[in-house]
Structures are given as C-alpha cells and as structure tokens.
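Below: one structure, written as structure tokens.
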Ligand code: HAM
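In the working numbering, the protein residues as written are 103 to 524.
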C-alpha cells in the first residue's frame, strides 16, 4: 500500500499541524518563562544508550538496526539518555543548576491505540545539578503551568505525585524485595492502574512466582487508605516539602499524593509524578521524576537530575475534547486580482512590494476571469481583494474589495503599496 503512512505514524495536514504548532509555541513560551534553554540531540543513537538504563519495556519497543558501518543503532525512544550524555560531556563548563528543555520526535514500536502512536513529540524539561525537592517542585510547577497555558484547570487535569523511595522502603521492609528485584517490581506496579493482570504477570516473572506476589498486589490495592500513614514517615520529607512548595505557588489544588504512581522507566530514584486528565479516560499526559544515578551510569559524572516528558498526542486529544484546538491559520492580508493579461506584471510588482513590507499576499497563478480569482481569494480566507485593471493603472489607484461585505472602494496605489487599504 503506497497510499497510507505506516501504522502509528502521522501525516500532518495543515489543520493538524496548526494544532501541533500551537502546542509547540505554548511549550516554548512556558519554558522561557521558567528560564529554560532549548537543546537538541541526534534522532539516531547507539543502541547501548538505552539497554539496561531505560528498562526492559522500552528496550523491547526500540526501532533498532545495524547501520552500514556495523554499529547497532536505535531511533531515540526518549530524550533523557541523550540529555545525560550531552550534559556529561560538558559538565564542568556548564553553570549549575542546568535548566534545559527540548522538543524531540521520539519513536517507540508500541501497539497503536488511543493516545499511543509509534511516533510522538515530547516536551522535555529537566533540571540538573540540584538534589533537593525545590527542583522537583519547580519542574512539576512548569508541567502544571504548561497545562494552565492551554487554559486547563484543576477540574480538567490532575497531578499525581509519589516517591519511589517510600514505596521501595516499604517493599523491602515488608516483602523483602531486593535491590535487583526492585526495578522489575516497580515496572510491574506501574501497570496496576490500567491492567492489574499485567502487574500480576510481571511480578510472577520477576519474583519467580513466589508467595510475595499476592501480598504485594494486596498492598497496591490498599495503598490509597495507607497514603496518610506513609506520608508521615521520615522518608516522605522531600515529597511533603515538594507539596508545600507547590501550595506556595498556588498549584496545590491540582495535586494528589498517590503512591500507586511509581513510573515504568528503570532510572527513577526519588519523587515521581504523572499528569492525567481529570476524567481519567486518557493515558498520562506527562510523566517524570528524579533520576539521580543516570548521568553517572552514562557519562561517569555524578549529578542529580529531575525532569519530565509531556507528549503531544494525549495533550492534543485533550485539547480537541475541550474544543481548544486552533483554526488552521489563514494568514493572507490580501489577494491581488489582475483584470487582464497586461495587469499581471503590475500585480507581480505590487505583490513583491507588499511581501517585502512583511504582508502575506497571493494572486492567481494563471490568467482567469475576475470571478474565478475572487472565488479563490474567498476560499483562501483573504480579508480583501486588491483589483488592478487598465483604468485603475491609468488613475494610479486600485480597487480594494472587502470580501466579507462585498463593499469596495478606490485607494491610491501609493497607499496600497505601503499596505494601507483604506
Ligand atoms: P514516558 O512516561 O515514557 O517518560 O513518556 C512521557 C510522556 O510521553 C507520556 O506521559 C505520554 O504523554 C508521552 N508518550 C510516551 N510514549 C508515547 C507514545 N507511544 N505515543 C504517544 N505519546 C507517548 C519519558 O519518556 C521520560 N524520558 C520523561 C522524563 C524526562 N523523565 C525525566 N525527564
């Protein structure tokens, strides 16, 4: 089939691209307001950048192949390992804390479903070099402010926060989950919300089908009731500090402490969070957390990090659901109409002058009756047509026709050239 894009990949027609551009512009604006600098990296990376660091699930979703030089490479499925490598390479020279953002296109061989594609764009905002909850709260505030910038409030989106240290301490003390078992167990618990049967299967695989699986599943289902008790433990101090900072920023009404959030990626080490639509009908809009060991594993430099990724797919669905998608932009300022063949050159000259002055203009690319040209002008959404014929040229004027009202008037060519149409 040559008539379709690959499953899970998008053809972006102008309306869809208008939505994406609106998302990107808003992302960049919020990142600027938080003092983040933009960076980018290569879309193709060495395979080993992801193996073991990102976790088994992501590695199974890699687009990977051997290049012509015999290197094992992968299309990037996420940005965080690239960021860790880039920061590691210049760690000495960079002023800490580093606040960087990026909007990469990412590739994951996932089964296509609502909110999941094989390709998506993701806003990444990360703070590097700051170990405390102040940085955790700062990136969470940025994620929330991004959604506020799309006019979404606490009744539309919820931030669910947790801390892997609390859940891990509990799993170790109560169920003797070892350090090597922990990443697999957390990856299993990450599935709990959407698919408890998958959690069960993963735990049985990781823990070898032993007697701890049932009690751990019981612990997960009772976590809501235990939340207050867990929050009173000393290990919950950073999480509580984070929540009070969000409160001081006026964002507390978005936040729910929810220890069922553990995140699926292997490298998280502390506070973790996800953003969901309040109706909980979509997948996570955004996910992130603290990952203090990844930079050391990738580049040998020991620097604490925290950040998040926010995808354009789920966010786009949410914006469409709320009727907040922009119209495909119709940017024309004027459509120029040539009455006869001899008027074409003057029209070209005027088009060039107006474009040089920064205005958006179009004209028919072949000789057509005026009616046809006006039809095209209306179809393009131009607010006005500027009509030039032999009489107008002689009188050094143009006819400016308002395409909404149909009213028209003569305006001197000298004015029109400057973009003045009345
Ligand atoms: P993640 O949870 O894998 O985290 O992805 C973050 C967000 O990207 C998700 O919440 C979702 O909105 C979007 N996303 C992920 N996969 C897909 C997909 N197949 N189709 C559409 N959207 C998708 C990370 O990638 C971490 N590296 C984020 C991070 C940055 N953590 C710290 N810094």
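Backbone N, C-alpha and C define an ideal beta-carbon position, used for all residues, glycine too. Keep in mind the model is a prediction, meaning the values are calculated, not measured.
Would residue i and residue j be called neighbours here (beta carbons separated by less than 7 angstroms)?
i           : j           : result
residue 251 : residue 127 : no
residue 187 : residue 400 : yes
residue 525 : residue 322 : With the chain running from 103 to 524 in the structure shown, residue 525 is simply not present.
residue 146 : residue 175 : yes
residue 265 : residue 372 : yes
residue 523 : residue 486 : yes
residue 505 : residue 466 : no
residue 502 : residue 515 : no
residue 408 : residue 263 : no
residue 204 : residue 141 : yes
residue 353 : residue 246 : yes
residue 367 : residue 156 : yes
residue 414 : residue 223 : yes
residue 164 : residue 179 : yes
residue 259 : residue 249 : yes
residue 416 : residue 217 : yes
residue 317 : residue 120 : no
residue 348 : residue 357 : yes
residue 355 : residue 256 : yes
Compute every distance between the C-beta of residue i and the non-hydrogen atoms of the ligand HAM, then say whether any falls below 6 angstroms.
i           : result
residue 219 : yes
residue 388 : yes
residue 226 : yes
residue 424 : no
residue 210 : yes
residue 324 : no
residue 203 : no
residue 372 : no
residue 161 : no
residue 182 : yes
residue 378 : no
residue 189 : no
residue 411 : yes
residue 263 : no
residue 272 : no
residue 279 : no
residue 337 : no
residue 416 : yes
By DSSP, does residue i sit in helix, in strand, or in coil?
i           : result
residue 272 : helix
residue 423 : helix
residue 517 : helix
residue 87  : One cannot answer for residue 87 here, as it falls past the ends of the chain, which runs 103 to 524.
residue 197 : coil
residue 136 : coil
residue 438 : strand
residue 433 : coil
residue 129 : helix
residue 415 : helix
residue 313 : coil
residue 148 : strand
residue 157 : coil
residue 321 : helix
residue 464 : strand
residue 172 : coil
residue 224 : strand
residue 279 : coil
residue 185 : helix
residue 459 : coil
residue 204 : strand
residue 108 : coil
residue 284 : helix
residue 143 : coil
residue 219 : coil
residue 121 : helix
residue 177 : strand
Quiz item: Are at least three pairs of beta-carbons, each pair with one atom in the region 308-315 and one in the region 374-383, less than 8 angstroms apart?
Solution: no
Quiz item: Which runs of the alpha helix (DSSP H) spanning at least 4 residues fall entirely within the region 332-404, listed in chain order?
Solution: 339-350 and 396-401
Quiz item: Mind pulling the beta strand (DSSP E) runs of 3 or more residues that sit fully within the region 227-267?
Solution: 259-265
Quiz item: Counting pairs of Cβ atoms below 8 angstroms between the region 415-432 and the region 442-460, do you hit three or more?
Solution: no
Exercise. May I ask you to verify whether the region 188-205 touches the region 225-244, counting CB pairs closer than 8 angstroms and requiring at least 3?
Key: yes
Self-check item: Length at least 4, wholly inside the region 477-521: the alpha helix (DSSP H) runs in chain order
Solution: 492-497 and 515-519
Quiz item: Quick check: the region 327-341 against the region 263-280, are there 3 or more CB pairs under 8 angstroms?
Solution: yes
Practice problem: Could you tell me whether the region 144-160 touches the region 212-225, where touching means 3 or more Cβ pairs closer than 8 angstroms? | Solution: no
Quiz item: So does the region 424-435 actually touch the region 450-463, counting three or more Cβ pairs closer than 8 angstroms?
Solution: yes
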